[in-house]
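In my numbering, the protein residues as written are 1033 to 1271.
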């Protein structure tokens, strides 16, 4: 049975079939299959998010390929900034409209910010914009919070959720694969020092399973490498 036949019959694809779809060059054909599933699940409705980004600081203690150079700055480096909370709230007020559904809040790992800054940021936004969903802090940031507070992950997540956190963004660079010196395809995280995608899921599942808190999983397609590098970035949980 072909992949298209399985999709039209409502059958789940295997992991290998999913990789085959991922490698297909006919994006229109893939789009038709995806739209068929969308209409089967949601009829003829499509849902969109209207959000505004708040990047509260670009100061970061780690050096990842996604941010450094293009966006992030090391502590003390020229071009670094950190927003005061009132600056964050003024920016949110400027960007807010009746159509807005979400604030997307991410930033660098700034060693000078206490954990209370993040809680007050969420509380301040939630009190000012109670109907706006707050999607904030990647798993890298969540892990950083456990380090600066020296508290368990579940405690950190509960504190954030009580302050107004609705969900977490994907944070794709921690699960993006890389080739090591021996040619083996790996993911990594410079903070945890272990395989990035495994580390990410260790954080993701408590965040996802905490009542009222959800997260996304983003995987970056890196056009600088071949497909095998991107394929191996698929987490084993997806299989």
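Where is the CB? At the ideal position from N, CA and C, for every residue including glycine.
(Q) On a Cα-Cα basis, can you pick out the residue from 1188, 1138, 1068, 1062 that is closest to residue 1166? (A) Selected option, being the one with the closest Cα: 1138.
Q: List the endpoints of the continuous alpha helix (DSSP H) containing residue 1127.
A: For residue 1127, the enclosing alpha helix (DSSP H) starts and ends at 1117-1127.
(Q) Checking 7 angstroms against the spacing of the C-beta atoms, do residue 1025 and residue 1156 come in under that value? (A) Beyond the ends of the chain as shown, which are 1033 and 1271, falls residue 1025; an answer cannot be given.
Q) Around the Cβ of residue 1150, are there at least 16 other Cβ atoms within 10 angstroms (buried) or fewer (exposed)? A) Its Cβ being crowded by 16 or more others within 10 Å, residue 1150 is buried.
Q: Compute the distance between the beta-carbons of residue 1114 and residue 1133, then report whether it is under 7 angstroms.
A: Contact annotation: residue 1114 and residue 1133 have beta-carbon atoms that are not nearer than 7 angstroms.
**Q.** Rounded distance between the beta-carbons of residue 1170 and residue 1143, thought under 8 angstroms
**A.** Contact doesn't hold; Cβ gap of about 17 angstroms is too wide.
Q. Going by alpha carbons, who is nearest to residue 1079 out of 1183, 1124, 1070, 1037?
A. Its Cα nearest to that of residue 1079, the residue 1070 stands out among 1183, 1124, 1070, 1037.
(Q) Taking the alpha carbon of residue 1076 as the reference point, which residue from 1084, 1091, 1066 has its own alpha carbon closest? (A) Looking at the Cα atoms, 1066 is the closest of the given residues.
Q: For residue 1059, count neighbouring Cβ atoms within 10 angstroms of its own Cβ and tell me buried if that reaches 16, exposed if not.
A: Exposed.
**Q.** Spatial distance of residue 1123 from residue 1086 (CA atoms)
**A.** If you take the alpha carbons of residue 1123 and residue 1086, they lie about 8 angstroms apart.
Q.
Please return the same chain residues whose Cβ sits closer than 7 angstroms to the Cβ of residue 1180, not counting the five positions on each side in sequence.
A. Here the set comprises 1147.
Q: Specify the secondary structure class of residue 1193 as computed by DSSP and reduced to three states.
A: Residue 1193 falls in the helix class under three-state DSSP.
Q: Would you mind working out which of 1163, 1140, 1160 sits nearest residue 1336, comparing C-alpha positions?
A: Summary: the structure shown does not reach residue 1336, with the chain confined to residues 1033 through 1271, and so no result is reported for it.
Q) Based on Cα-Cα distance, which residue from 1119, 1127, 1108, 1174 lies nearest to residue 1164? A) Nearest option by C-alpha distance: 1127.
Q. Going along the chain, which residues of its own chain have a beta-carbon closer than 8 angstroms to the beta-carbon of residue 1288, five neighbours each way excluded?
A. Residue 1288 cannot be examined here, being either before or after the span of the chain that is shown, 1033 to 1271.
Q. Cα separation between residue 1074 and residue 1105?
A. For residue 1074 and residue 1105, the distance between alpha carbons rounds to 43 angstroms.
Q. Are there 16 or more other CB atoms within 10 angstroms of the CB of residue 1129, so buried, or fewer, so exposed?
A. Exposed, by the Cβ-count rule.
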